[in-house]
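Enquirer: Protein sequences appear in the order of chains D, B, U and S.
Residue numbers for the first sequence follow my numbering, so the first one is 9 and each next one is one higher.
Residue numbers for the second sequence follow my numbering, so the first one is 9 and each next one is one higher.
Residue numbers for the third sequence follow my numbering, so the first one is 9 and each next one is one higher.
Residue numbers for the fourth sequence follow my numbering, so the first one is 9 and each next one is one higher.
Got a structure here, written out as structure tokens. Questions coming.
There are 4 protein chains.
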Amino acid sequence: MEKNGNNHKLRVCVATCNRADYSKLAPIMFGIKAEPQFFELDVVVLGSHLIDDYGNTYRMIEQDDFDIHTRLHTIVRGEDEAAMVESVGLALVKLPDVLNRLKPDIMIVHGDRFDALALATSAALMNIRILHIEGGEVSGTIDDSIRHAITKLAHYHVCCTRSAEQHLIAMCEDHDRILLAGCPSYDKLLSAKNKDYMSIISMWLGEDVKTRDYIVALQHPVTTDIKHSIKMFELTLDALISFNKRTLVLFPNVDAGSKEMVRVMRKKGIEHHPNFRAVKHVPFDQFIQLVAHAGCMIGNSSCGVREVGAFGTPVINLGTRQTGRETGENVLHVRDADTQDKILHALQLQFGKQYPW
Amino acid sequence: MEKNGNNHKLRVCVATCNRADYSKLAPIMFGIKAEPQFFELDVVVLGSHLIDDYGNTYRMIEQDDFDIHTRLHTIVRGEDEAAMVESVGLALVKLPDVLNRLKPDIMIVHGDRFDALALATSAALMNIRILHIEGGEVSGTIDDSIRHAITKLAHYHVCCTRSAEQHLIAMCEDHDRILLAGCPSYDKLLSAKNKDYMSIISMWLGEDVKTRDYIVALQHPVTTDIKHSIKMFELTLDALISFNKRTLVLFPNVDAGSKEMVRVMRKKGIEHHPNFRAVKHVPFDQFIQLVAHAGCMIGNSSCGVREVGAFGTPVINLGTRQTGRETGENVLHVRDADTQDKILHALQLQFGKQYPW
Amino acid sequence: MEKNGNNHKLRVCVATCNRADYSKLAPIMFGIKAEPQFFELDVVVLGSHLIDDYGNTYRMIEQDDFDIHTRLHTIVRGEDEAAMVESVGLALVKLPDVLNRLKPDIMIVHGDRFDALALATSAALMNIRILHIEGGEVSGTIDDSIRHAITKLAHYHVCCTRSAEQHLIAMCEDHDRILLAGCPSYDKLLSAKNKDYMSIISMWLGEDVKTRDYIVALQHPVTTDIKHSIKMFELTLDALISFNKRTLVLFPNVDAGSKEMVRVMRKKGIEHHPNFRAVKHVPFDQFIQLVAHAGCMIGNSSCGVREVGAFGTPVINLGTRQTGRETGENVLHVRDADTQDKILHALQLQFGKQYPW
Amino acid sequence: MEKNGNNHKLRVCVATCNRADYSKLAPIMFGIKAEPQFFELDVVVLGSHLIDDYGNTYRMIEQDDFDIHTRLHTIVRGEDEAAMVESVGLALVKLPDVLNRLKPDIMIVHGDRFDALALATSAALMNIRILHIEGGEVSGTIDDSIRHAITKLAHYHVCCTRSAEQHLIAMCEDHDRILLAGCPSYDKLLSAKNKDYMSIISMWLGEDVKTRDYIVALQHPVTTDIKHSIKMFELTLDALISFNKRTLVLFPNVDAGSKEMVRVMRKKGIEHHPNFRAVKHVPFDQFIQLVAHAGCMIGNSSCGVREVGAFGTPVINLGTRQTGRETGENVLHVRDADTQDKILHALQLQFGKQYPW
């Protein structure tokens with residue numbers, strides 16, 4: 009692994025697996041690309057980015073004008089926990105050839121999902137430095153184990169909140185290697201205020217929809233308790249049908265249980281219900297506009313408890329998937345969302361409220 | 009994963025990858041097997057246990073009369089870091105089928121090697137409880153990253169030293185889930201005192217060798233700095249040749265770099281040198297006798313800085329592989345073992361000394 | 009691989025990957041199960057049987073009351089040729105552990121798909137006898153290469169037609185090891201005549217539909233020319249919309265290109281069109297009734313050119329996927345199905361005709 | 009897969025797995041490289057080329073001044089049949105990413121080993137043309153199944169003998185796509201006559217050895233009957249020890265059983281016996297000189313029954329591994345080599361004889 013002496017540019021490998029991590033990595037990638045005298049950027053795309061059912065979101069990266077150096081199929085079908093493990097395995101079988109070819113000085117990894125663990129494991133064992141984004145947070149789920157395991161494999165940490173920083177230090181990470189930088193997607197969020205949002209809202213929710221008068225729903229399976237999280241999703245849909253407001257529902261991510269959730273949507277007729285619009289993927293900058301002007305966001309996405317705080321949009325966070333995350337006052341937690349009524353009541357409380365931002 | 013109510017026996021899966029982890033897991037496995045009213049034991053064998061070059065050590069497990077439920081080839085050839093990552097990948101592709109078949113309540117994992125990370129990752133993502141043996145220790149190498157990552161994936165911790173326990177607590181593990189139990193191999197060590205050791209010494213080192221008058225050498229590659237560790241091994245052999253005492257050299261483990269070290273041994277003619285005996289594997293109970301009565305043990309094995317302390321045998325610990333581990337006063341650290349003279353000098357200092365135990 | 013002497017039962021492993029091969033293997037499996045004094049049957053399920061999008065067809069096997077000994081996820085997501093190769097690879101990484109556990113005397117493999125090649129390769133290299141069903145046929149596509157490669161790896165051949173037998177002999181297979189037995193699914197077909205078919209037709213096509221007055225469409229991607237086969241599917245749907253008869257459309261199989269075809273169906277609104285019913289899977293015995301009483305079957309399924317001949321139902325075979333297969337006079341070939349008009353014209357010619365059977 | 013129009017150079021991918029296939033592929037690679045106006049050459053190296061125990065023979069390719077575009081670890085450890093299957097699987101998981109990157113018009117594959125089957129399978133399923141070298145031969149072993157399966161996956165055939173050509177035609181391959189070109193290594197063999205061979209013989213067999221007065225032994229395991237082939241190797245070594253001539257023994261290839269054979273060599277003390285020289289690898293051009301001037305070659309290598317015919321050196325072919333291959337009159341077949349005496353007798357018959365060439 010010869011590194012040239014003085015004028016050596018830092019070779020940075022950014023590996024992105026899905027829509028969610030790309031929204032965090034993209035601002036960093038733009039930053040790296042803007043300094044070609046210091047950095048060389050290699051982009052590796054894997055995971056659900058390359059899967060049709062998840063919207064072929066690798067196209068977002070092409071549209072942002074990044075060269076994709078390597079594409080790796082890494083998802084084993086099966087939609088259960090076994091398939092998740094096998095997918096990590098598939099990534100680990102394939103990544104070394106790529107890393108040997110690219111020879112990066114550092115790899116940037118985001119978050120707490122199984123694909124990120126594969127990336128961190130391969131880089132750590134191959135003696136490549138790892139910069140981990142958004143470590144140190146605590147949500148109270150299996151994601152914590154993975155996020156913290158990645159922290160222990162990583163060498164540098166860019167974290168989002170004061171308490172995440174403190175948690176990293178508590179886990180014995182070296183203070184000098186932690187940067188408290190805030191959430192990378194906030195740059196984009198904060199620069200998003202004055203855009204023409206009405207055409208975006210019309211496009212995704214229909215011509216006649218007003219700001220603050222629609223809902224965005226985004227719920228993922230909880231892999232440690234799939235059955236319960238599917239039940240909760242069913243209750244959420246029932247509550248939304250009763251609540252009777254125009255609602256954009258995003259399909260869940262690739263985790264174990266997602267197929268079952270899609271089946272629940274079909275069973276409830278969401279795809280053809282006049283009040284609902286069900287979509288696989290909304291480009292991130294448009295998604296920002298949609299949540300910024302929604303009457304309410306509901307679900308268990310980290311986006312709800314994190315990014316949406318930038319706009320003061322009311323959020324209903326269901327179940328335990330984000331338990332323990334720091335959230336703004338705009339978030340109403342419904343931890344035991346086990347009846348339709350509880351969820352409906354939360355919708356009545358939050359919908360249309362305006363929190364400061 | 010139906011679990012029957014009251015009379016449910018705990019299904020325990022013990023997965024062992026090599027000679028070293030088996031020496032720690034065996035006492036636990038005997039304990040589990042002794043209580044059939046409470047436990048069912050499933051033994052999974054993978055990694056270098058199944059490889060001829062590493063002594064086909066799965067036979068130790070058979071000789072101890074355990075049923076091996078599953079054998080998995082998981083080592084990808086290549087003897088470099090890439091092959092280590094791919095081997096983790098291969099294990100992750102294969103383990104879910106096994107775990108789905110065995111449906112253990114808990115998996116017991118030992119140590120800090122790449123195979124152990126594969127085991128912990130698969131169990132964590134499949135919602136199987138993990139009991140991790142010998143976490144919390146600090147050695148100052150890549151092993152630390154892996155050991156701590158496994159800690160974060162594990163649910164219960166059985167640790168060996170007071171400071172390991174404190175380090176686990178510092179890393180935010182729940183105190184209630186940590187058991188400070190000492191090193192599992194100590195039971196065997198301490199019960200080993202009065203055996204007939206002379207025949208064992210004769211068998212492995214020759215008829216005419218006296219106690220305290222031979223050396224045991226066991227050196228592994230350091231995967232984060234392979235080149236340097238091979239150089240150090242070369243200097244060690246030179247020093248041992250000069251020192252001119254009967255010496256048992258064990259072949260290194262399966263880590264990246266081991267092939268190169270074997271080549272160094274060949275180049276120096278160790279296999280045919282009258283003073284040397286080079287072997288792949290010594291059964292653990294015999295190994296204990298050999299180190300208990302040696303004039304000195306040299307190398308960078310964790311065994312040197314840990315188990316050998318039970319006998320007060322002088323130990324020379326070379327390089328940084330065990331840096332940071334707690335060691336007894338019987339250990340002389342030669343951190344920068346970069347000349348033959350330094351190592352020779354250490355041999356002269358330590359050989360034949362008797363420390364209290 | 010100890011085999012007991014005189015009273016040894018033959019251990020037969022049947023591995024099934026999808027709806028299509030199971031329809032051929034099931035009659036054989038029933039036969040084996042009926043002779044427990046001679047045979048032990050192990051059933052291995054892999055491939056698209058275990059995938060939600062393809063109807064979780066492993067349930068058919070459970071409903072037929074076979075014990076499934078092993079389930080293996082073997083499909084890598086990606087829906088292109090690369091993913092097909094990787095899926096073969098995944099199967100080959102996993103199958104040896106299973107075969108070492110089951111130690112079959114013989115493995116039964118059906119057909120010409122990528123999963124079957126994985127099965128035959130693993131058995132051949134592990135010195136397990138292979139009985140191949142439906143070899144020797146010639147269709148003029150990539151399937152031929154795979155089918156013939158499996159033939160060369162196999163030891164015994166059960167073929168369906170006289171010309172298949174002759175082709176096997178021409179390829180230098182030993183005549184003594186070839187059994188011309190006809191198509192295994194014909195037993196079921198021929199015993200299917202007198203059942204109550206009207207309720208089945210009502211269930212799948214609607215209350216008001218009459219026999220000979222509906223269409224069954226089943227078209228798969230052609231992996232050597234995906235683009236063209238998607239175009240052809242689009243033209244077929246257009247022709248069917250124009251033709252304006254009640255039509256049951258089955259979703260295509262897991263081959264590269266299938267996702268694109270599903271998208272074409274969505275774009276044309278087939279799922280909500282009043283004349284169409286789009287389904288993932290019809291149980292085989294019901295499917296038989298549906299094609300037996302259809303006005304016409306259209307597509308490029310081997311089922312059209314083979315099984316449907318048992319009923320004299322008119323068939324329109326599109327494109328080159330079945331080129332070279334022997335077919336009955338009930339089949340109209342439209343090799344260059346490159347305009348909507350050609351296909352429409354074929355529908356007008358064939359629909360409602362009655363061929364002898 | 010865009011291909012440029014008129015001036016398109018043919019992109020040729022040559023994939024080589026080991027010393028043996030490289031000796032056949034190298035002359036073709038030199039030929040391709042000599043015509044850069046027509047061809048682009050991509051070299052992919054995998055299999056035992058990259059393994060230390062097999063001599064890291066990828067260095068031969070570098071010494072021949074070819075750029076190696078991709079190196080893939082594809083060998084799973086285990087040295088049994090299961091590991092061979094898993095190695096095919098590992099190659100199939102990795103090759104598609106490489107082929108998608110290189111986008112070759114044609115792939116050149118040699119021979120009949122498990123790695124070649126992986127190459128042919130991946131190319132066939134990805135719609136890449138395959139040129140197969142040395143198909144159509146018949147040896148009477150498992151190699152036949154693999155060789156013929158590759159034939160059925162391949163599109164073009166370059167074969168070595170008239171009867172191979174006829175066998176390809178018999179297997180229904182298109183005559184227009186078969187080129188009877190002779191063995192590619194013969195070019196090198198025939199140009200090798202006048203070199204300074206004495207220094208090569210001295211280097212590998214010792215100073216005092218005369219031409220026609222030494223033996224070259226090269227025996228591989230037979231994977232369908234490993235036990236028997238190890239026994240035969242033991243008898244061969246006994247016979248060679250009795251025969252008491254200077255002998256060069258090459259280590260066997262990576263197939264299942266090879267470890268056991270190496271152990272037999274160790275047990276018999278071959279590595280330190282004054283009459284024997286045991287080596288992993290001899291560069292092909294030197295190997296040619298050694299066999300050309302040997303008193304006899306013994307073993308079961310295809311090289312014995314094929315290349316050595318170019319020099320009239322006496323050959324003793326043991327067992328069934330090459331049964332059915334066409335051989336010259338210089339070859340003495342000892343099919344049932346089940347006693348030391350039979351082999352010794354053959355040595356007495358053949359050693360030092362001179363056949364015409």
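Beta carbons: idealized from backbone N, C-alpha and C, even for Gly.
Quick caveat, the model's predicted, so the values are computed rather than measured.
Assign methionine 211 of chain U to one of two classes, buried (16 or more other C-beta atoms within 10 Å of its C-beta) or exposed (fewer than that).
Expert: Reading the third sequence from its first residue, position 203 is the one you call residue 211 of chain U. Flag for methionine 211 of chain U reads exposed.
Enquirer: Going straight from the alpha carbon of glutamate 242 of chain B to that of valine 272 of chain B, what length do you get?
Expert: Locating residue 242 of chain B in the second sequence gives position 234, counting from the first residue. Locating residue 272 of chain B in the second sequence gives position 264, counting from the first residue. Approximately 6 Å, taken between the alpha carbons.
Enquirer: For a test of the three-state rule: what should DSSP assign to threonine 159 of chain S, helix, strand or coil?
Expert: On the fourth sequence, residue 159 of chain S is found 151 positions in, with the first residue counted as 1. It is helical.
Enquirer: Run down chain U in chain order and give the residues with a C-beta less than 8 Å from the C-beta of asparagine 108 of chain S.
Expert: Translated into the one-based positions of the fourth sequence, residue 108 of chain S becomes position 100. Correct list: Ala90.
Enquirer: Report buried or exposed for threonine 347 of chain B, applying the criterion of at least 16 other Cβ atoms within 10 angstroms of its Cβ.
Expert: The residue given as residue 347 of chain B occupies position 339 in the second sequence. Exposed, because fewer than 16 other Cβ atoms sit within 10 Å of the Cβ of threonine 347 of chain B.
Enquirer: Would you decide whether aspartate 29 of chain B is buried or exposed? Buried here means 16 or more other CB atoms lie within 10 Å of its CB.
Expert: Here residue 29 of chain B refers to the residue found at position 21 when the second sequence is read from its first residue. Result: buried.
Enquirer: Could you name the residues of chain S that threonine 232 of chain U contacts, counting a contact when the two beta carbons are closer than 8 Å?
Expert: Here residue 232 of chain U is taken as the residue at index 224 of the third sequence, counted from 1. Chain S residues near threonine 232 of chain U: Asn135.
Enquirer: Are any of the Cβ atoms in chain U nearer than 9 Å to that of methionine 179 of chain S?
Expert: Translated into the one-based positions of the fourth sequence, residue 179 of chain S becomes position 171. It does; some Cβ of chain U falls within 9 Å.
Enquirer: Just verifying my parser: in three-state terms, what is the DSSP assignment at isoleucine 242 of chain U?
Expert: For the purposes of this step, residue 242 of chain U is taken as the residue at position 234 of the third sequence. For clarity, residue 242 of chain U is glutamate in the given sequence; the question names isoleucine instead. Reduced to three states, the DSSP call for glutamate 242 of chain U is helix.
Enquirer: Go through its chain and collect everything with a Cβ distance to arginine 185 of chain U's Cβ below 7 Å, but skip five positions before and after it.
Expert: Position 177 of the third sequence, counting from 1, holds the residue named residue 185 of chain U. Cβ within range, chain order: His163, Tyr164, His165.
Enquirer: Glycine 307 of chain D by DSSP, collapsed to three states: which one?
Expert: By 1-based counting over the first sequence, the position of residue 307 of chain D is 299. Strand at glycine 307 of chain D.
Enquirer: In chain order, what residues of the same chain lie with their CB nearer than 6 Å to the CB of histidine 77 of chain D, ignoring the 5 residues before and after it?
Expert: As a working mapping, residue 77 of chain D is identified with position 69 in the first sequence. Correct list, in chain order: Asp50, Val51.
Enquirer: Kindly confirm or deny that the segment 81-99 of chain B and the segment 257-267 of chain B touch, where touching means at least three C-beta pairs closer than 8 Å.
Expert: The segment 81-99 of chain B vs the segment 257-267 of chain B: in contact.
Enquirer: For the segment 58-88 of chain U, which residues have a CB atom closer than 9 Å to at least one CB atom of chain B, in sequence order?
Expert: The segment 58-88 of chain U vs chain B, Cβ under 9 Å: Thr78, Arg79, Leu80, His81.
Enquirer: In terms of alpha-carbon separation, which member of B/Thr149, B/Ala91, B/Leu54 lies closest to isoleucine 59 of chain S?
Expert: Position 51 of the fourth sequence holds residue 59 of chain S. Looking at the Cα atoms, B/Ala91 is the closest of the given residues.
Enquirer: Taking 8 Å as the cut-off, is the beta-carbon of alanine 157 of chain S closer than that to any non-hydrogen atom of the ligand ZN?
Expert: The ligand content of the structure shown is nil, which means the ligand ZN is not present either.
Enquirer: Taking the beta strand (DSSP E) that threonine 78 of chain S falls in, what are its first and last residues?
Expert: Position 70 of the fourth sequence, counted from the start, is the residue given in the question as residue 78 of chain S. Threonine 78 of chain S -> beta strand (DSSP E) spans 78-80.
Enquirer: Give me whichever residues DSSP pairs with methionine 211 of chain U in a beta bridge.
Expert: For this step, residue 211 of chain U is matched to residue 203 along the third sequence. DSSP, once it has assigned bridges, lists no residue as partnering methionine 211 of chain U.
Enquirer: Threshold first: 4 residues or longer. Then list the alpha helix (DSSP H) segments lying entirely within the segment 133-195 of chain S, N to C.
Expert: DSSP runs (the alpha helix (DSSP H)) wholly in the segment 133-195 of chain S: 150-161, 170-178.
Enquirer: Please report whether the beta-carbon of alanine 28 of chain B lies at a distance below 9 Å from any beta-carbon of chain D.
Expert: By one-based count along the second sequence, residue 28 of chain B stands at place 20. Chain D, which has no Cβ nearer than 9 Å to the Cβ of alanine 28 of chain B, makes this no.
Enquirer: What is the C-beta distance between leucine 100 of chain D and leucine 100 of chain B, in whole angstroms, given that I count them as a contact (C-beta under 8 Å)?
Expert: Along the first sequence, one-based indexing puts residue 100 of chain D at 92. Along the second sequence, one-based indexing puts residue 100 of chain B at 92. That pair is a contact at about 6 Å.
Enquirer: On the DSSP bridge list, what partners appear for cysteine 21 of chain S?
Expert: Against the fourth sequence, residue 21 of chain S aligns to sequence position 13. Paired residue(s): S/Asp50, S/Met115.
Enquirer: Whose C-alpha, out of B/Ala286, B/Ala225, B/Cys21, is nearest the C-alpha of isoleucine 114 of chain B?
Expert: Here residue 114 of chain B refers to the residue found at position 106 of the second sequence. Isoleucine 114 of chain B has its Cα closest to that of B/Cys21, out of B/Ala286, B/Ala225, B/Cys21.
Enquirer: What did DSSP end up calling threonine 366 of chain D once you bin it into helix, strand or coil?
Expert: Look at the range of chain D in this structure, 9 to 365, and you will see that residue 366 of chain D is not part of it.
Enquirer: Go through the segment 332-361 of chain S residue by residue and report every complete run of the alpha helix (DSSP H) that reaches 4 residues or more, in order.
Expert: Runs found: 348-358.
Enquirer: For aspartate 98 of chain B, go through chain U and note every residue whose CB falls closer than 9 Å to its CB, in chain order.
Expert: Within the second sequence, numbered from 1, the residue matching residue 98 of chain B stands at position 90. Before going further, note that residue 98 of chain B is leucine rather than aspartate in the sequence given. Within chain U, the residues near leucine 98 of chain B are Val101.
Enquirer: Which residues in chain S have a C-beta closer than 8 Å to the C-beta of glutamate 145 of chain U? List them in chain order.
Expert: Sequence index remark: in the third sequence, residue 145 of chain U carries index 137 (1-based). Chain S residues near glutamate 145 of chain U: none, gap ~13 Å exceeds 8 Å.
Enquirer: With a cut-off of 8 Å on the beta carbons, I'd call serine 193 of chain D and glutamate 70 of chain D a contact; round off their distance for me.
Expert: The residue labelled residue 193 of chain D in the question sits at position 185 within the first sequence. The residue labelled residue 70 of chain D in the question sits at position 62 within the first sequence. 20 Å between Cβ atoms; not a contact.
Enquirer: What are the boundary residues of the alpha helix (DSSP H) that valine 93 of chain U is part of?
Expert: Sequence index remark: in the third sequence, residue 93 of chain U carries index 85 (1-based). Here the alpha helix (DSSP H) through valine 93 of chain U covers 89-110.
Enquirer: Valine 84 of chain D bridges to which residues according to DSSP?
Expert: Locating residue 84 of chain D in the first sequence gives position 76, where the first residue counts as 1. According to DSSP, valine 84 of chain D bridges with U/Val84.
Enquirer: If you draw a straight line from the alpha carbon of glycine 13 of chain S to that of cysteine 25 of chain U, how long is it in whole angstroms?
Expert: Here residue 13 of chain S is taken as the residue at index 5 of the fourth sequence, counted from 1. Here residue 25 of chain U is taken as the residue at index 17 of the third sequence, counted from 1. Low local confidence applies: a pLDDT of 48 at glycine 13 of chain S is under 50, so the model's placement there is unreliable, with the coordinate-based value given in what follows. So the two alpha carbons sit approximately 41 Å from each other.
Enquirer: Please state if the CB of asparagine 108 of chain U and the CB of threonine 231 of chain S are separated by a distance shorter than 9 Å.
Expert: Counted from its first residue, the fourth sequence places residue 231 of chain S at position 223. Counted from its first residue, the third sequence places residue 108 of chain U at position 100. Cβ distance not < 9 Å, so threonine 231 of chain S and asparagine 108 of chain U don't count as in contact.
Enquirer: Give the residues of chain B in contact with aspartate 105 of chain U, contact being defined as C-beta atoms less than 9 Å apart.
Expert: For the purposes of this step, residue 105 of chain U is taken as the residue at position 97 of the third sequence. The contacting residues are Thr78, Arg79, Leu80, His81, Lys102, Asp105, Val106.
Enquirer: Would you mind working out which of D/Gln358, D/Cys304, D/Leu176, D/Phe359 sits nearest leucine 226 of chain D, comparing C-alpha positions?
Expert: Residue 226 of chain D sits at position 218 when you count from the first residue of the first sequence. Closest option to leucine 226 of chain D, Cα to Cα, is D/Cys304.
Enquirer: Alpha carbon to alpha carbon, what distance is there between glycine 143 of chain B and isoleucine 158 of chain B?
Expert: Along the second sequence, one-based indexing puts residue 158 of chain B at 150. Along the second sequence, one-based indexing puts residue 143 of chain B at 135. Distance between the alpha carbons of isoleucine 158 of chain B and glycine 143 of chain B: 8 Å.
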